[in-house]
Amino acid sequence: MVKAFVEIHLKKGVADPEGSNTLKALKLLGFENATDVKSAKLFEIDLEEEDKAKAKGILEEMCNRLLANPVIHDYQIRFE
Amino acid sequence: MKVEEVKVCILIIEGTNCEEETSQAFRRSGASPEIVHLKQLLGQDTRPEETRKLGDYQILVIPGGFSSGDYVRAGAILAARIKSRMEGALVEFIEEGKPVLGICNGFQILVELGVLPGIQSTMSRYPTASLGWNDSGRFECRPTLLENWNKGKCIFTSMLERGQIIQAPTAHAEGKFMLPKHREKELLDTLKDNDQIVFRYVDAEGQIAGYPWNPNGSLFSIAGICNSEGNVFGMMPHPERTYFGFQQADWTRNVPDNGDGKAVFESVLDYVAKKF
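This is the structure we're talking about:
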């Protein structure tokens, strides 16, 4: 069993209203030195697979088939 | 076949909306629509008499809404559920030349499924386009004007002249049509060459214009596209919300007999009645 963290980011240039609205709210709260906020999604996935290389392949397929849209997203996979 | 024999499957799951309006539009145009839950097609948690087969219908419509709460991305969950359990049935349906219509969330689902743009294959393994966040960063709910840009491939706009402008309201937060940046020009050219671009957002003079005429910042002002065969069609605005004349934004001044969106429903029914 492995525990993986899959982080989904928007590609550069793709609009991120969640990030920009969060930045606006932070500034309103007085965090004026905040210059940029990007939203990202983190999925924590338990996988019944001992081989990390195999697990990585499976997780990449998960990203391509559901978690990310390759047109607008990049993803990073980390293991615990 | 006769129009009244045309069975229309209006597919719903949790979070779907506008299925009643869509059903009403097909009924008023003379067809036999049925609102069908995804589980009825999968034979899941249903009584035998409630089970349905996709192949028994001539038209599949995925209506608007916020299926599965827009979790992960708008349309992603329903697309995954369809792909995992009935990919074969859907591909067969499309390859038989039967029409598939996706409105709003339905368009997002068809893109996530990989059946739109559908340039090289009926269904791609991964999505090849995206309906991303509106440039305004918020939900846009407004009447929009759409120019029929199709030269005749799309079976859903055969009753419209090329260049004809129709009204249909938009209501979405994620409607910006995008192609992969590194292949954008090439793929857009292919869509043009294949006559896959159907509706473009225009202003009151019929010219391509920025926000708010184009409510989301879509590439090439695209509001709707079809696959390379012309029988799968997705659009962000809602034609079922301008089916009747009194639904038009200017109905108090113009009072038309019919709404502009009616042409979409009549076009597809005409195609099915002639073909099957």
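Chains as they are written, first to last, in the working numbering: chain A, 1 to 80; chain B, 1001 to 1276. The C-beta atom is built at its ideal place from N, Cα and C for all residues, glycine as well.
Query raised in the report: Which word fits Tyr1271 of chain B, buried or exposed, when buried means at least 16 other C-beta atoms lie within 10 angstroms of its C-beta?
Result: Residue mapping note: residue 1271 of chain B aligns to position 271 of the second sequence, counting from 1. Tyr1271 of chain B is classed as buried because its beta carbon has at least 16 other beta carbons within 10 Å across all chains shown.
**Report entry** Whether Glu1014 of chain B touches Gly1102 of chain B by CB criterion (9 Å)
**Finding:** By one-based count along the second sequence, residue 1014 of chain B stands at place 14. By one-based count along the second sequence, residue 1102 of chain B stands at place 102. No. Outside cutoff.
Requested in this report: Pick out whichever of B:Pro1048, B:Cys1009, B:Gly1106 and B:Ile1035 has its Cα sitting closest to the Cα of Ser1067 of chain B.
Outcome: Counting from 1 along the second sequence, the entry for residue 1067 of chain B is found at position 67. Comparing alpha-carbon positions, the option among B:Pro1048, B:Cys1009, B:Gly1106 and B:Ile1035 lying closest to Ser1067 of chain B turns out to be B:Gly1106.
Query - Cα-Cα separation between Ile1082 of chain B and Leu1113 of chain B, rounded to whole angstroms - result: Taking the first residue of the second sequence as position 1, residue 1082 of chain B is located at position 82. Taking the first residue of the second sequence as position 1, residue 1113 of chain B is located at position 113. Computed Cα separation, rounded: 8 Å.
**Report entry** Beta-carbon proximity check, Leu42 of chain A vs Glu7 of chain A, cutoff 9 Å
**Finding:** Numbered from its first residue, the first sequence carries residue 42 of chain A at position 42. Numbered from its first residue, the first sequence carries residue 7 of chain A at position 7. Closer than 9 Å, so yes.
Query raised in the report: For a contact meaning CB atoms closer than 7 Å, what does Ala4 of chain A contact in chain B?
Result: Within the first sequence, the letter at position 4 stands for residue 4 of chain A. Neighbours of Ala4 of chain A across chain B, judged by C-beta separation under 7 Å, do not exist; the nearest C-beta is about 17 Å away.
Query raised in the report: Do you know whose CA, among B:Gln1058, B:Val1255, B:Tyr1243 and B:Cys1154, lies nearest Lys1262 of chain B's CA?
Result: Residue numbering aside, residue 1262 of chain B sits at position 262 when the second sequence is read from its first letter. In terms of CA proximity to Lys1262 of chain B, B:Tyr1243 leads the group B:Gln1058, B:Val1255, B:Tyr1243 and B:Cys1154.
Requested in this report: Report all residues from its chain with a CB closer than 7 Å to the CB of Trp1251 of chain B; omit the five preceding and five following residues, and keep chain order.
Outcome: In the second sequence, the residue the question calls residue 1251 of chain B occupies position 251. Correct list, in chain order: Gly1245.
Query raised in the report: Using 9 Å as the limit for Cβ to Cβ distance, is Lys11 of chain A near chain B?
Result: Your numbering for residue 11 of chain A matches position 11 in the first sequence. Yes, because at least one Cβ of chain B sits closer than 9 Å to the Cβ of Lys11 of chain A.
Query raised in the report: Looking at the structure shown, is Phe1093 of chain B part of a helix, part of a strand, or coil, going by DSSP?
Result: Along the second sequence, read from residue 1 onward, the residue named residue 1093 of chain B stands at position 93. Note: Phe1093 of chain B maps to helix in three-state DSSP.
Report task. Work out the CA separation of Lys54 of chain A and Lys1274 of chain B for me, nearest whole Å. Result -> To locate residue 1274 of chain B, count along the second sequence from 1; it is residue 274. To locate residue 54 of chain A, count along the first sequence from 1; it is residue 54. Taking the straight line from one Cα to the other gives about 52 Å.
Report task. Measure the beta-carbon distance from Val37 of chain A to Thr22 of chain A and round it to whole angstroms, keeping in mind my assumption that it falls under 8 Å. Result -> Here residue 37 of chain A corresponds to residue number 37 of the first sequence, with the count starting at 1. Here residue 22 of chain A corresponds to residue number 22 of the first sequence, with the count starting at 1. Confirmed, about 5 Å.
Query raised in the report: For the 8 Å Cβ check, are there 3 or more pairs between the region 1218-1237 of chain B and the region 1182-1202 of chain B?
Result: Three or more pairs of CB atoms, one per stretch, sit closer than 8 Å, so the region 1218-1237 of chain B contacts the region 1182-1202 of chain B.
Report task. Using a Cβ-Cβ cut-off of less than 9 Å, list which residues of the region 1167-1194 of chain B approach chain A; keep chain order. Result -> Cβ contacts with chain A come from Ala1173, Lys1176, Met1178, Leu1179, Pro1180 and Lys1181.
Query - Assumed close pair Ile1062 of chain B, Pro1099 of chain B - CB separation to whole angstroms, cut-off 8 Å - result: Here residue 1062 of chain B is taken as the residue at index 62 of the second sequence, counted from 1. Here residue 1099 of chain B is taken as the residue at index 99 of the second sequence, counted from 1. For a cut-off of 8 Å, the C-beta gap from Ile1062 of chain B to Pro1099 of chain B is around 12 Å, too long to register as a contact.
Report task. Kindly indicate the opening and closing residues of the alpha helix (DSSP H) around Phe1026 of chain B. Result -> On the second sequence, residue 1026 of chain B is found 26 positions in, with the first residue counted as 1. Per DSSP, Phe1026 of chain B belongs to the alpha helix (DSSP H) from Glu1019 to Arg1028.
Report task. Measure from the C-beta of Lys1083 of chain B to each C-beta in chain A and report whether the shortest distance is under 9 Å. Result -> Position 83 of the second sequence, counted from the start, is the residue given in the question as residue 1083 of chain B. Yes, Lys1083 of chain B counts as interfacial toward chain A.
**Report entry** Partners in chain A for Gly1132 of chain B, counting only beta-carbon separations shorter than 7 Å
**Finding:** Residue mapping note: residue 1132 of chain B aligns to position 132 of the second sequence, counting from 1. Scanning chain A for C-beta atoms nearer than 7 Å to the C-beta of Gly1132 of chain B yields Val14, Ala15 and Ile72, reported in chain order.
Report task. Identify every residue that forms a DSSP beta bridge with Ala1031 of chain B. Result -> The residue you call residue 1031 of chain B lines up with position 31 of the second sequence. DSSP output for Ala1031 of chain B lists no bridge partner at all.
Query raised in the report: Do you know whose CA, among A:Lys12, A:Pro17, A:Asp74 and A:Cys63, lies nearest Arg1138 of chain B's CA?
Result: One-based indexing of the second sequence puts residue 1138 of chain B at position 138. Measuring C-alpha to C-alpha distances from Arg1138 of chain B to each of A:Lys12, A:Pro17, A:Asp74 and A:Cys63 identifies A:Pro17 as the nearest.
Query raised in the report: Quick one: what's Asn1148 of chain B bridged to in DSSP?
Result: Mapped onto the second sequence, residue 1148 of chain B falls at position 148. B:Phe1199.
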